[in-house]
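This report refers to the structure that appears directly beneath it.
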Amino acid sequence: MAAIAAFVTLTELIPFVACADTNAAHWAFMSLRNPAIPVQPLEASGATHPIDAFVAARLAEKNLKASPEADRLTLIRRLYFVMLGMPPAPTEVKAFLDDKRPLAFERLVEQVLADPRYGERWGRHWLDVIRFAESNGFETNRERTEAWRFRDYVIAAFNDDKPYDRFVREQIAGDSLGVDVATGFLVAGPVDIVGSPDVVLTSQQRSDELDDMVSTTGTAFLGLTLGCARCHAHKFDPISQAEYYSMTALFAGVRHGDRPLPLPPERKAEGTRLEAKIADLEKNLAPFIAKPAVAATGSDRAGLPLRPPVNPLLNEETLTPIEARHVRFTILQSAGEPCIDELEIWSGSRNVALASMGTKALASGTLPGYEIHKLEHINDGRPGNSRSWISSEAGRGWVQLEFAQQQTIDRIVWGRDREGHFKDRLAIRYRIEAGLTTNAWQVIASSDDRQPIQGATEKPSGPVYNFAAAAPPDAARGRRLLLELEEARKARETAAKAPSVYAGQFSQPGPTYRLHRGDPMQKREAVPPATLGLFQPLTLDAGAPERERRLKLAEWVASSDNPLTPRVLVNRIWQHHFGVGLVSTPNDFGKNGAAPTHPELLDWLARNFISRGWSIKSLQRLILTSATWRQSSAPRNEALKADAGTRLLWRFPPRRLEAEAIRDSILEVSGNLDRTVGGPSYFLHDVDRENVYHYHPKEEFGRPEARRMVYAFKVRMEQDGIFGAFDCPDGSLVTPRRSMSTTPLQALNLFNSRFMLGQSDMLARRLRVEAGESEEAQVLRAWQLVFNRNPAREESDGAAAFARAEGMSALCRAVLNSNEFLFIP
Amino acid sequence: MTRHTASLPSPLLSRRRFLSDAGMGLSAIALTHLLSRQGLLAANVSGKEAIRPEMHPGHPYAPRLAHFEPRARNVLVIFCSGACSQLDTFDYKPELIRLHGQPMPGAGKLITFQGEQGALAKSPWTFRPRGQSGKMISDLVPHLGALADDLCFIHSMQGKTNTHGPGENYMSTGYALDGFPSVGAWVTYALGSDDQSLPAYVAIPDPRGKPQNSVNNWAPGFLPAAFQGTDFNATSPIRNLARPGSISPSTDISTRRFLQRLNERHAEQFPGDSELAARIASYELAARMQLTIPEVADLSSEPAHILRLYGADDSGSKIADTRAAYARNCILARRLLEKGVRFVQLFNGAYQTGGEGVSNWDGHKDIFNQYSVHGPVLDKPTAGLLLDLKQRGLLKNTLVVWCTEFGRMPTFQKGSQGRDHNPSGFTCWMAGAGVKQGYSHGATDEFGYKAAVDIVTVPDLHATILHLLGLDHERLTYYHNGLERRLTNVSGEIVKAVLA
């Protein structure tokens, strides 16, 4: 009954008719069972492997039998495609065929598990599950230049066989575990960065960001569609709306953005040394400071003389120190579109506005079309008109800076053009506000207490060291000190510059509320940060520290008492070995998901997985050495009739390679693959970096693009021009299982693209180099490289005749398009 | 052509389920058995169960039956990117003219997308009664105005986001977020196509470039890639369509034949494997497309009076050149519909260098000067397209939907001569198969600010489009990531009042 109702997921209007009292009984929410390995089929079939015993038991129910073992050529090719994402080299094939000792296949499995290409292949599967991409998505779609470090972390985690429970914990709370880069998981999804004063819009954007984090955590680790409880209680699973918002409270302090990685100790020490030196120099220079401007606002200023008028060169605002995360500079009046060349915000001796400190800039709009006037110039540490920001609107505009973390700020310095060439576009009336959040602004400075501007002003109103008044020897010393100070400041900036990663920024959040119908404008009661009530729920104090929230969640998710986490992962791994998981709905283990085909096997594997220290490689070793995985893929009529979908695994189900594996395999057999591991992404697109980024698929490729596709800059919305058509997801949504469609565009791309013709030529050249001039020898080599086998006599004759008539490149073009090349056998 | 009820929640097409067309009966029985074991069969659920189209993987575009008798066979969507102002085109508001220059009553201090709002601003263009119906339409679009008696207006559209990217997503996919399938993808997934030598779903980007949210507007989302819109227009062809110049025609043909032999030989080891057969079939379809697409995109056979009707023969100014380029896209749209392409999405306006409102309808700054370009570019060619569809009898089978991502404010932005974004109320119109003619549905308030009478949401519009195609929007589903997904998510009411 429950299952039938579950099918009607769609229609909101149809009430959920499954009985509420069956909630607890749903198989996936129950503890892992400890099923006995079936004995009966073991004896009957002679199987000795636990997986085979479970599979044989299910087959026996249908009067089916497993297929015989595939031949060695098929086995090594299948193993390489599945585990490494490309075919073996002919030498590797030969070594395997020649290994007549027992356990040859087991040794091959070890070799493959130790191959660095393994992590690249399996890391890619994980990146699908967590919707990783390197651009923001939505209309701006800007790039995240530091996101690749997280991709490398994932690849390394697979290669190092990082225990999965640890892998889970690090991705949720890596900053507490000494692995900062891992929290790239939290912000791997899309984000809408279009700013607006419209509070409805900005609340909705924030609400969507949090939903993305909560939903992805739910599906990726738990196989639960938590996002369904955003607007109302989950229709199928026991998840209330309050629980959903309690989960969002666990992420409420996470924001999108780069985060500097911790500085190495020696750089830290250098920074401290320079700080001291700077403080010392500043002290010595203090007597030379020209009388500083004092800014205050509102009633505090009553009776004080007005400050100097605004100045195109430099303006300084001295503040009563204030805690802030955000600072907004709003221009209320200017002639033409206003310009600011650099906005400095000082916390003691540090300019915390700098982008290199992790500070992000937003603006009302930027005058489009000028390389020299871009928002990123506002805090790049380089003053002057040629590195400045100009508003998109005449007479107004705003810039908003968000620090990587809360700062105590005490001074703001800004100008129109510190190099003194331009005096137009000056902000004549302005207001500067600060806040811990973007909805609690406090005015900290403004033009209200400045004298009105009268004609052209020349002098900067910032702090100026005045040496003219001092005695000549003192002045000389002062000038020398100033020079030293400037150098020390520069050195400090360099020392403080840590590599950063797109791994989110953390700050203490305020209270979280349940939102009526998911509408951010309809706040209801406050909810505490808490995990789901499904098992061993954990509730934290409303004011629990940000970091603790995620750490507790991480421990809860990765606890061996949590039955979903191991089941979901084991199923994912199984899926990528056989094409479909034991549960065919890998992201939904709830009541609406599919039931497992082999429930006992799933639990047995999950227990085994935990007992082997959550080792993914151990799990794979187990699967790969089973007869089930090694059996032939040849169809058998009577079995097809009973189980056309091969869900019971009476044969190995063959399937097409995915986009990345196709591209990598082509480069591999043409001899062109660059196997360099890790590092910044290469581009498959030409990028227009305007306010809105545009990505145009490249037509010409060179050496940088000959690396594996997992290292290609992953763009949202725009696909690679050739392989994108092979159901390649773009990271906009999580993709637990790729669709495998067959389209004429795929055929056109693979048959006609310049890339493919180039690779065909290169393969033809390789054949000549490796096999000599004879067409027959070249065909033999082609078959060995592309299909890992020798051609039959009539194949060889036909192919050689074709090559003689049309050229070896034409032959290569055909074999690289063939089904045999693109299917896992 | 088959119509089946729901099956395994697999994100794939039917894959190996079909041994062959002939063996289908048997495997269907086996499948039924398997499914009932898994408790996933939807049988016995009264008339509301999901209907997921069954298709042979080798023929994803084969025509499939609708859920019930359709009113329309094909769809043409004309999408004005950038948010076309309802108040300067089709939504006539006398109060706006009367109170021009005054603050909007009851609006208080209005903050919209770009900030503070100034006073109410009447349209710079005069509205006049058009056609027999006397529908008031502005002088910005006189050619479309002349067709007022053929159009079916919905003046009470309401969106839910005021940014372009999410707004375009919402209109094109039913979701403001990225990653969901477009209407055209849903429709071709459900119905396939009547033509087997052209893509089932074609998106025609504006000659000036792609819309703000680019390919998301014709994305397959989580549907199989087969249902992605293929984008090309009269000036830029499909990538990789043509035989590469370096390959001679004879080599190309014999390479195809050789590939076919390789594949057939390989398939012998996997008798009845539909995926292998599908790949072989896809090369055949690709070869047909290589011939048919250049043919359909070649407008040289169009007579002078047709070029004139669309304005495709215009030149002599920047506006005329742009109009002529858009007009050629309009002719291409007609040619595709003529061939039986199921879903054509024609864009007017593009995101492009030069800032907001320069190459699309995003008139924040100076609506008079910006729309003085966009109006003429849209008007004559689009009207020509409608007239041409009508005179060829294509409007009988084709549903035309004119839309935009959201509307604009009745006020000018403070300190500017343009209108800010406004998702609260805007206009779309339909024409052709199955909809009323010379009819207006719903209304905004007296200033054209918010939809006030018979509000129509975007899912309502989508439900209506599917309904006209004979599809039940509550039952056309696809399983993804734990959910049976629908185009209309959890809402959508058919706008019955617009049905003829």
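Those protein sequence lines, which keep their order, are chains A and B. Throughout the first sequence, residue numbering follows my numbering, covering 2 to 826 in sequence. Throughout the second sequence, residue numbering follows my numbering, covering 4 to 503 in sequence. The C-beta atom is built at its ideal place from N, Cα and C for all residues, glycine as well. Since this is a predicted model, take the numbers as computed values, not measurements.
Does the CB of L829 of chain A have a neighbour CB from chain B at under 8 Å?
Residue 829 of chain A is absent from the model: chain A starts at 2 and stops at 826.
Test item: CB-CB of L74 of chain A and V94 of chain A under 8 Å:
Counting from one through the first sequence, the residue named residue 74 of chain A turns up at place 73. Counting from one through the first sequence, the residue named residue 94 of chain A turns up at place 93. The answer is yes: Cβ separation under 8 Å.
Check each candidate in B:K321, B:V80, B:G418, B:Y173 and name the one with the smallest Cα separation from S393 of chain A.
Position 392 of the first sequence, counting from 1, holds the residue named residue 393 of chain A. For S393 of chain A, the nearest C-alpha among the options comes from B:G418.
Count Cβ pairs between the segment 306-315 of chain A and the segment 433-442 of chain A that sit closer than 8 Å; are there 3 or more?
no
Any beta-carbon of chain A closer than 8 Å to the one on I322 of chain B?
Counting from one through the second sequence, the residue named residue 322 of chain B turns up at place 319. Chain A, which has no Cβ nearer than 8 Å to the Cβ of I322 of chain B, makes this no.
Segment limits, beta strand (DSSP E) that includes D259 of chain A
Translated into the one-based positions of the first sequence, residue 259 of chain A becomes position 258. Segment 259-261, the beta strand (DSSP E) holding D259 of chain A.
If you follow the beta strand (DSSP E) that W28 of chain A is part of, which residue opens it and which one closes it?
Within the first sequence, residue 28 of chain A is the residue found at index 27, counting from 1. Unbroken run through W28 of chain A: none, as it is neither H nor E.
Check each candidate in B:A330, B:I322, B:G319 and name the one with the smallest Cα separation from E556 of chain B.
Coverage of chain B is limited to positions 4 through 503, which leaves residue 556 of chain B absent and any answer about it impossible.
The segment 106-113 of chain B / the segment 326-340 of chain B touching (three or more Cβ pairs under 8 Å)
no
What are the residues of the segment 203-226 of chain B that lie near chain C, defined by any Cβ-Cβ distance shorter than 7 Å?
In the displayed structure, chain C is absent; the protein chains listed are A and B.
Closer than 8 Å, CB to CB, is I114 of chain B near chain A or not?
For the purposes of this step, residue 114 of chain B is taken as residue 111 along the second sequence, with counting starting at 1. It does: the Cβ of I114 of chain B has a partner Cβ on chain A nearer than 8 Å.
Rounded to the nearest angstrom, how far is the Cβ of D201 of chain B from that of V299 of chain B, given a contact under 8 Å?
Position 198 of the second sequence, counted from the first residue, corresponds to residue 201 of chain B. Position 296 of the second sequence, counted from the first residue, corresponds to residue 299 of chain B. It is Leu, not Asp, that sits at residue 201 of chain B in the sequence shown. Correct: roughly 7 Å between the Cβ atoms.
Pull up the distance between the alpha-carbon of I256 of chain B and that of L479 of chain B, whole angstroms please.
Indexing the second sequence from 1 puts residue 256 of chain B at position 253. Indexing the second sequence from 1 puts residue 479 of chain B at position 476. Near 41 Å, if we compare the C-alpha coordinates of L479 of chain B and I256 of chain B.
Looking at Q272 of chain B: is its Cβ nearer than 8 Å to the Cβ of A635 of chain A?
The count along the second sequence starts at 1 and reaches residue 272 of chain B at position 269. The count along the first sequence starts at 1 and reaches residue 635 of chain A at position 634. Their beta carbons are under 8 Å apart, which means Q272 of chain B touches A635 of chain A by this criterion.
If you run the structure through DSSP and keep just helix, strand and coil, what is I497 of chain B?
Reading the second sequence from its first residue, position 494 is the one you call residue 497 of chain B. Residue state, collapsed to three classes: coil.
I'd like to know if T70 of chain B contacts chain A, where contact means its C-beta is closer than 8 Å to some C-beta of that chain.
For this step, residue 70 of chain B is matched to residue 67 along the second sequence. Rather than Thr, the amino acid found at residue 70 of chain B in this sequence is His. Not closer than 8 Å to any Cβ of chain A, the Cβ of H70 of chain B fails to qualify, so no.
In the DSSP assignment, what residue or residues form a beta bridge with N425 of chain B?
Along the second sequence, read from residue 1 onward, the residue named residue 425 of chain B stands at position 422. Partner(s): B:G410.
Going along chain B, which residues have a C-beta under 7 Å from N593 of chain A?
Here residue 593 of chain A corresponds to residue number 592 of the first sequence, with the count starting at 1. Within 7 Å Cβ-Cβ: G485.
Do you know how far the Cα of C729 of chain A is from the Cα of M710 of chain A?
Position 709 of the first sequence holds residue 710 of chain A. Position 728 of the first sequence holds residue 729 of chain A. If I take the Cα positions, the gap works out to 11 Å.
For the alpha helix (DSSP H) that S443 of chain B lies in, which residues bound it at each end?
On the second sequence, position 440 is the one that residue 443 of chain B refers to. Taken as a continuous stretch (DSSP letters only), S443 of chain B belongs to no alpha helix (DSSP H), being part of the beta strand (DSSP E) at 442-444.
Delimiting residues of the beta strand (DSSP E) encompassing T331 of chain A
Position 330 of the first sequence, counted from the start, is the residue given in the question as residue 331 of chain A. Taken as a continuous stretch (DSSP letters only), the beta strand (DSSP E) holding T331 of chain A covers 316-335.
Using the beta-carbon of each residue, which ones in chain B are nearer than 7 Å to G722 of chain A?
Within the first sequence, numbered from 1, the residue matching residue 722 of chain A stands at position 721. Here the neighbours are R242.
Roughly how many angstroms separate the alpha carbons of T744 of chain A and P826 of chain A, rounded to a whole number?
Here residue 744 of chain A refers to the residue found at position 743 of the first sequence. Here residue 826 of chain A refers to the residue found at position 825 of the first sequence. Approximately 21 Å, taken between the alpha carbons.
Members of the segment 743-759 of chain A near chain B, C-beta cut-off 8 Å:
T743, T744, P745, L746, Q747, A748, L749, N750, F752, N753, S754, R755, L758
How close, in whole Å, do the beta carbons of R260 of chain A and Q506 of chain A come, if the pair is a contact with beta carbons under 8 Å?
Mapped onto the first sequence, residue 260 of chain A falls at position 259. Mapped onto the first sequence, residue 506 of chain A falls at position 505. Yes, R260 of chain A and Q506 of chain A are in contact; Cβ-Cβ is about 6 Å, under 8 Å.
Presumed contact (8 Å Cβ cut-off) between F82 of chain A and A662 of chain A, rounded CB distance
Residue numbering aside, residue 82 of chain A sits at position 81 when the first sequence is read from its first letter. Residue numbering aside, residue 662 of chain A sits at position 661 when the first sequence is read from its first letter. Rounded, the Cβ-Cβ distance is 7 Å, consistent with contact.
Quick check on R282 of chain B - is its C-beta less than 8 Å from some C-beta in chain A?
The sequence position of residue 282 of chain B within the second sequence is 279, counting from 1. Yes - at least one Cβ of chain A is within 8 Å of the one on R282 of chain B.
Could you give the distance in angstroms between the alpha-carbon of I52 of chain A and the alpha-carbon of P597 of chain A?
Along the first sequence, read from residue 1 onward, the residue named residue 52 of chain A stands at position 51. Along the first sequence, read from residue 1 onward, the residue named residue 597 of chain A stands at position 596. The alpha-carbon atoms of I52 of chain A and P597 of chain A are separated by roughly 15 Å.
Inter-residue spacing [alpha-carbon to alpha-carbon] between V461 of chain B and T166 of chain B
As a working mapping, residue 461 of chain B is identified with position 458 in the second sequence. As a working mapping, residue 166 of chain B is identified with position 163 in the second sequence. Those two C-alpha atoms are separated by around 15 Å.
Test: H167 of chain B CB closer than 8 Å to a CB of chain A:
To locate residue 167 of chain B, count along the second sequence from 1; it is residue 164. Yes, H167 of chain B counts as interfacial toward chain A.
Given this structure, state the Cα-to-Cα distance separating N673 of chain A from P91 of chain A, to the nearest angstrom.
Counting from one through the first sequence, the residue named residue 673 of chain A turns up at place 672. Counting from one through the first sequence, the residue named residue 91 of chain A turns up at place 90. Each residue's alpha carbon lies about 16 Å from the other.
So S277 of chain B and P60 of chain B are supposed to be a Cβ contact under 8 Å. How far apart are they, rounded?
To locate residue 277 of chain B, count along the second sequence from 1; it is residue 274. To locate residue 60 of chain B, count along the second sequence from 1; it is residue 57. With 8 Å as the limit, S277 of chain B and P60 of chain B qualify as a contact, their Cβ atoms being about 5 Å apart.
Identify the continuous alpha helix (DSSP H) that holds D53 of chain A and give its terminal residues.
Locating residue 53 of chain A in the first sequence gives position 52, counting from the first residue. 51-62 is the extent of the alpha helix (DSSP H) around D53 of chain A.
Consult DSSP for L302 of chain B and reduce its assignment to one of helix, strand or coil.
In the second sequence, the residue the question calls residue 302 of chain B occupies position 299. Reduced to three states, the DSSP call for L302 of chain B is helix.
So which residues on chain B does T513 of chain A lean against when the C-beta distance must stay under 9 Å?
As a first step, residue 513 of chain A must be located in the first sequence, where it is residue number 512. Residues of chain B passing the Cβ test: none, with the nearest at roughly 21 Å.
Can you tell me where the beta strand (DSSP E) holding L486 of chain B begins and where it ends?
Counting from 1 along the second sequence, the entry for residue 486 of chain B is found at position 483. Unbroken beta strand (DSSP E) run through L486 of chain B: 486-488.
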